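Start counting the sequence shown at 524; every next residue gets the next number (the numbering used here).
Contents: one structure, followed by commentary.
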Amino acid sequence: MVYGIIIGPSVLKWVNPMDWSSDDKQLTQEFSRYCLAIEVMIAGVTLPKKYLLKEWVSLSMLLLPIVTLMWIISSSIIKFAFNMPFIQALAIGACLAPTDPVLANAILKGTFAENHVPLRLRNILTAESGANDGLGYPFMFLALYLMRIGGGKAIGTWFYATWAYHIILSIVIGAVSGYVARKSLRYAEYRGWVDRESFLLSSIMLALMLVGICSMIGTDDILCCLVAGNSFTWDDWFRVETEDTSLQEILVSFLSMSFFMYFGAVIPWSSYTAANMLAPWRIVVT
Numbered sequence: 524m525v526y527g528i529i530i531g532p533s534v535l536k537w538v539n540p541m542d543w544s545s546d547d548k549q550l551t552q553e554f555s556r557y558c559l560a561i562e563v564m565i566a567g568v569t570l571p572k573k574y575l576l577k578e579w580v581s582l583s584m585l586l587l588p589i590v591t592l593m594w595i596i597s598s599s600i601i602k603f604a605f606n607m608p609f610i611q612a613l614a615i616g617a618c619l620a621p622t623d624p625v626l627a628n629a630i631l632k633g634t635f636a637e638n639h640v641p642l643r644l645r646n647i648l649t650a651e652s653g654a655n656d657g658l659g660y661p662f663m664f665l666a667l668y669l670m671r672i673g674g675g676k677a678i679g680t681w682f683y684a685t686w687a688y689h690i691i692l693s694i695v696i697g698a699v700s701g702y703v704a705r706k707s708l709r710y711a712e713y714r715g716w717v718d719r720e721s722f723l724l725s726s727i728m729l730a731l732m733l734v735g736i737c738s739m740i741g742t743d744d745i746l747c748c749l750v751a752g753n754s755f756t757w758d759d760w761f762r763v764e765t766e767d768t769s770l771q772e773i774l775v776s777f778l779s780m781s782f783f784m785y786f787g788a789v790i791p792w793s794s795y796t797a798a799n800m801l802a803p804w805r806i807v808v809t
């Protein structure tokens, strides 16, 4: 990110991502969306056989009571720091509460993680960091519905629109698409219809396809990719076949570095002085 700041329009002016699109906010959103979807898909693929089913109790504890507590604490800090209504702070806190799967790689991947972090802990953190990005939707939409609709109607809309459509539907799409992709790839590999390069990239193509499908129907693409990734390697066949290669890990590192450089280049520094609520002490506290 520091490198992106240096080469960006604020310092050396070598690169200005604002010139790449007429809507730089949309560009940032889609870039981050595809990067995150691919990384979450790879996280799902690296999980052991039937992991989400075997560890559903541990995941439920991490994703429901603990993330809820993180949401309330984050929202309370934001309310205090920025002096805003609590319901608005709840919407912002929902974006901060989920564990970042990209930053979590610092303790999940590499020599340090392999030597000091137990495999079981790495697996549960990988699954939790991937799943709670998708499960951050209910927290954010609850606050948004309460602001826009209010009352009991907001709760009803939250249940059927968020839980049924965004969460449950995305899980079903991910499980089915992962199963179909696994069976199709295994048959194609048996018949000799797929080369090694295409075989290794099959999970990436699945992630891109699911992001497109979920974008068209308006459901949760991140959670869908995690479920699809673990469904894709449900019998451990694909994971075992690709564990001797580093292509997926290299791709994750490349996407992470690319996005953070891009993010450094597009930080709107002028907003930090134009908005009174972005005083330096408030940024440090949050």
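Note that beta-carbon positions come from the ideal geometry of N, C-alpha and C, so glycine has one too.
These figures come from a predicted structure and were not determined experimentally.
In this structure, the beta-carbon distance from Ser652 to Gly701 does not fall below 8 Å. Asp542 and Val789 do not touch by the CB rule: their CB atoms are close to 11 Å apart, not below 8 Å. Counting along the chain, the unbroken alpha helix (DSSP H) around Met739 starts and ends at Ser725 to Ile740. A straight-line Cα-Cα distance of about 16 Å links Ser779 and Thr649. Residue burial is scored here from C-beta neighbours: Trp757 has at least 16 other C-beta atoms within 10 angstroms and is therefore classed as buried.
Going by DSSP, Ile678 is part of the alpha helix (DSSP H) stretching over Gly674 to Thr680. Val590 is not a Cβ neighbour of Asp656, given a cutoff of 8 Å. Cα atoms of Trp760 and Met670: separation of roughly 47 Å, rounded to the nearest angstrom. Here the C-alpha atom of Ala566 lies approximately 18 Å from the C-alpha atom of Ser583. By the 16-neighbour rule on beta-carbons within 10 angstroms, Pro791 is exposed. The beta carbons of Asn539 and Gly531 sit closer together than 8 Å.
By the Cβ neighbour-count rule, His689 is buried, with 16 or more other Cβ atoms within 10 Å of its own.
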